[in-house]
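Accompanying notes for the structure given below.
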Amino acid sequence: MQVLAKPSKRLSHRIQRLKAHLQQENPLLVDVVGQFQMLDKVGYRMGLLDTDESFANRISWWPLISVLGTFSAGKSTFINGYLGAVLQKTGNQAVDDKFTVMTYSADDEVRVLPGLSLDADPRFPFYQISEEIEKVSAGEGSKIDSYLQLKTCHSDRLKGKILIDSPGFDADAQRNATLRITDHIIDLSDLVLVFFDARHPEPGAMEDTLQHLVSRTLERSDANKFVFILNQIDTTAREDNLEDVVAAWQKAVVQAGMTAGTFYCLFNDEAAVPIEDPNVAQRYKKRRDTDAQELSRRMEEVGVERSYRIIGALENLTNKLEQNWVPQLRSLLGQWRRRVLITDAVVFGLLALLVLGVGFTTDIFQTISSQPAWIALSLLAVVVLAVLAVHYLIRKWWAKLTLRKLKKIAAEPGILSAFIKNVRFRHSLFRPRPVGWGGGARRRLEKVREAADDFVQALNDRFTDPSGKAMSLNQAVSESAVVTESEREEPAIEKQA
Numbered sequence: 013m014q015v016l017a018k019p020s021k022r023l024s025h026r027i028q029r030l031k032a033h034l035q036q037e038n039p040l041l042v043d044v045v046g047q048f049q050m051l052d053k054v055g056y057r058m059g060l061l062d063t064d065e066s067f068a069n070r071i072s073w074w075p076l077i078s079v080l081g082t083f084s085a086g087k088s089t090f091i092n093g094y095l096g097a098v099l100q101k102t103g104n105q106a107v108d109d110k111f112t113v114m115t116y117s118a119d120d121e122v123r124v125l126p127g128l129s130l131d132a133d134p135r136f137p138f139y140q141i142s143e144e145i146e147k148v149s150a151g152e153g154s155k156i157d158s159y160l161q162l163k164t165c166h167s168d169r170l171k172g173k174i175l176i177d178s179p180g181f182d183a184d185a186q187r188n189a190t191l192r193i194t195d196h197i198i199d200l201s202d203l204v205l206v207f208f209d210a211r212h213p214e215p216g217a218m219e220d221t222l223q224h225l226v227s228r229t230l231e232r233s234d235a236n237k238f239v240f241i242l243n244q245i246d247t248t249a250r251e252d253n254l255e256d257v258v259a260a261w262q263k264a265v266v267q268a269g270m271t272a273g274t275f276y277c278l279f280n281d282e283a284a285v286p287i288e289d290p291n292v293a294q295r296y297k298k299r300r301d302t303d304a305q306e307l308s309r310r311m312e313e314v315g316v317e318r319s320y321r322i323i324g325a326l327e328n329l330t331n332k333l334e335q336n337w338v339p340q341l342r343s344l345l346g347q348w349r350r351r352v353l354i355t356d357a358v359v360f361g362l363l364a365l366l367v368l369g370v371g372f373t374t375d376i377f378q379t380i381s382s383q384p385a386w387i388a389l390s391l392l393a394v395v396v397l398a399v400l401a402v403h404y405l406i407r408k409w410w411a412k413l414t415l416r417k418l419k420k421i422a423a424e425p426g427i428l429s430a431f432i433k434n435v436r437f438r439h440s441l442f443r444p445r446p447v448g449w450g451g452g453a454r455r456r457l458e459k460v461r462e463a464a465d466d467f468v469q470a471l472n473d474r475f476t477d478p479s480g481k482a483m484s485l486n487q488a489v490s491e492s493a494v495v496t497e498s499e500r501e502e503p504a505i506e507k508q509a
């Protein structure tokens with residue numbers, strides 16, 4: 013019977029700290045962490061996780077907004093205006109080539125901390141990202157400070173959320189490590205702001221960038237978290253063709269494969285060019301103010317979206333494990349098994365022909381048959397051991413070739429480790445299913461799905477009231493005051509009696 017692997021002490025301590033934090037902020041999510049730990053048990057048995065890993069560490073438990081976009085699209089100007097502080101450098105050229113994580117601090121002074129502060133702290137979204145960078149760009153994982161930095165800011169708008177600014181995006185020139193980080197923050201974010209520059213109304217020239225930023229969202233279940241911002245629209249005022257520019261960008265985004273997402277139009281008064289026609293200026297400002305207000309509302313609501321996003325991630329991960337990873341692992345093991353058996357048949361067939369040829373051309377068979385039985389049995393045992401040794405060498409050889417191919421196509425790390433576990437010496441070639449997968453694992457996953465549905469209902473009860481029976485907060489306070497007042501009067505009545 014297989015021994016169930018347990019999380020390491022360091023991981024257990026980290027999960028306990030996460031639960032303690034969530035207990036203060038959002039107690040419902042404490043139970044969600046418990047369901048992630050239920051998935052971890054399946055992951056440990058199947059080899060999808062090491063004992064110092066948890067599925068809970070693959071998501072951000074803090075509300076997270078990421079800001080992506082092309083060079084000179086006005087991302088930094090927008091962030092500074094939103095925070096009410098000059099936190100990011102601005103300019104028409106690339107002024108910052110790092111991903112910047114911005115978080116609240118009670119200290120008025122802005123502090124800039126190195127990338128190590130993010131890579132080594134599980135509370136932030138880039139925990140252990142150096143390992144992911146190393147997988148796609150050998151040697152780059154140790155240069156984490158070249159990719160990331162942490163900035164603190166005393167802005168109330170950062171309370172309870174994390175903001176991430178990315179370097180200007182150019183898919184042609186971007187290194188694999190930068191693309192990997194970009195994909196990582198898109199996966200973790202509750203809201204993704206994608207900035208485009210209205211001063212360059214030729215979206216066709218940015219096809220590669222659009223393909224990377226947009227096209228992959230077609231496969232996503234959370235595509236509605238993408239918000240597209242056409243910034244610096246004041247530059248279109250002279251021709252008064254804002255609608256044409258917006259339509260061109262919307263068409264480009266749709267052609268790249270993105271049918272969801274919202275388009276907003278913005279410009280900054282301090283950086284804007286003067287708009288001479290007062291009617292045009294009024295119309296542009298009205299559009300800007302309406303969109304800015306709606307965008308601000310979306311950004312302030314990420315706390316609510318965060319809770320739904322985490323529960324959605326729990327259910328998606330459960331489905332991905334059963335519907336993607338297990339079938340993929342079965343397929344890999346099936347291919348490996350067929351190749352091993354075919355190679356066995358060829359190798360041992362040739363060896364058998366060789367032995368028969370030697371036997372018919374010499375008297376070796378007669379010599380062996382004339383020997384004592386124990387010699388024949390010993391010889392047979394040697395032959396069996398040799399056959400097994402050759403068989404396991406063939407198993408190992410095909411396993412290495414399969415792993416090499418998987419690494420080239422950047423397969424899911426868990427699939428790699430699970431495959432390695434299944435091809436170990438002690439597991440039979442004819443095992444009907446992957447190690448750790450069976451009725452017990454299916455039942456665990458079904459319980460996690462049921463729990464996810466319950467969590468969604470609990471969240472809905474907080475924010476909705478379909479029956480109309482729940483009283484408003486003011487009504488509840490008012491009725492509570494009436495009851496309290498009546499309770500105070502009762503002793504006085506009893507005294508008079």
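Counting from 13, one number per residue, gives the positions in the sequence shown under this note's numbering.
No residue lacks a Cβ here, since even glycine has one placed at the ideal position from N, Cα and C.
The distance from the Cβ of Leu326 to that of Gln47 is about 6 Å, consistent with a contact at the 8 Å cut-off.
By the Cβ rule, the region 69 to 85 counts as touching the region 200 to 210, because three or more pairs are nearer than 8 Å.
In the DSSP assignment, Lys173 falls outside any beta strand (DSSP E) and carries neither an H nor an E. If you draw a straight line from the Cα of Gln161 to the Cα of Ser142, it comes to about 13 Å. Rounded to the nearest whole angstrom, the CA to CA distance from Arg295 to Leu95 is 26 Å.
Burial is judged here by how many other beta carbons sit within 10 angstroms of a residue's own beta carbon; Gln100 has at least 16 and is buried. Within a 10 Å sphere around the beta-carbon of Gly55 sit 16 or more other beta-carbons, which makes this residue buried. For the pair Lys87 and Asp256, the Cα-to-Cα distance works out to about 22 Å.
In this structure, DSSP gives Lys163 an extended state, which the three-state scheme calls strand. Burial is judged here by how many other beta carbons sit within 10 angstroms of a residue's own beta carbon; Trp449 has at least 16 and is buried. Taking a 10 Å sphere around the C-beta of Leu278, we find 16 or more other C-beta atoms and assign the residue as buried.
Sixteen is the threshold: since fewer than 16 other Cβ atoms of the shown chains lie within 10 Å of the Cβ of Tyr404, the residue is exposed. In chain order, Tyr276 and Leu278 place their CB closer than 8 Å to the CB of Ala304, counting only its own chain and leaving out the 5 sequence neighbours on each side.
Fully enclosed alpha helix (DSSP H) runs of no fewer than 4 residues occupy 254 to 267 of the region 239 to 304, in order along the chain. Cα atoms of Arg443 and Asn434: separation of roughly 9 Å, rounded to the nearest angstrom. Inclusion of Met114 and Val460 in the CB contact set at 7 Å is not warranted, their separation being larger than that value. Under DSSP, Asp177 forms a beta bridge with Val79 and Thr112. The DSSP-derived three-state label of Phe207 is strand. Going by beta carbons, Pro446 and Leu341 fall inside the 7 Å limit. For Asn243, the number of other beta carbons within 10 angstroms of its own is at least 16, and it is reported as buried. Here Val316 is not near Thr274, since their CB atoms are 7 Å or more apart. Burial check for Phe372: the Cβ neighbour count within 10 Å stays below 16, so the residue is exposed. Listed in chain order, the non-local C-beta contacts of Ala411 below 7 Å within the same chain comprise Trp348 and Val435, local neighbours out to five positions each way being set aside. In this structure, the straight-line span from the alpha carbon of Trp337 to that of Asp473 is close to 34 Å.
Taking a cut-off of 8 Å for Cβ pairs, the region 65 to 77 and the region 164 to 179 touch, as three or more such pairs fall below it. By the Cβ neighbour-count rule, Pro286 is exposed, with fewer than 16 other Cβ atoms within 10 Å of its own. By the neighbour-count definition (other C-beta atoms within 10 Å, threshold 16), Ile156 is a buried residue. A Cβ-Cβ contact shorter than 7 Å links Asn280 with Thr89. Ala430 is positioned such that its CB atom lies closer than 7 Å to that of Leu60. Arg407 is not a Cβ neighbour of Val359, given a cutoff of 7 Å.
Going by C-alpha positions, Gly361 is about 12 Å away from Val399. For the pair Arg321 and Asp466, the Cα-to-Cα distance works out to about 15 Å. Secondary-structure assignment with DSSP links Val124 through a beta bridge to Lys163. With fewer than 16 other CB atoms across the displayed protein chains lying within 10 angstroms of its CB, Ile432 is exposed. Between Ile323 and Val468, the C-beta gap is smaller than 7 Å, which places the two residues in contact.
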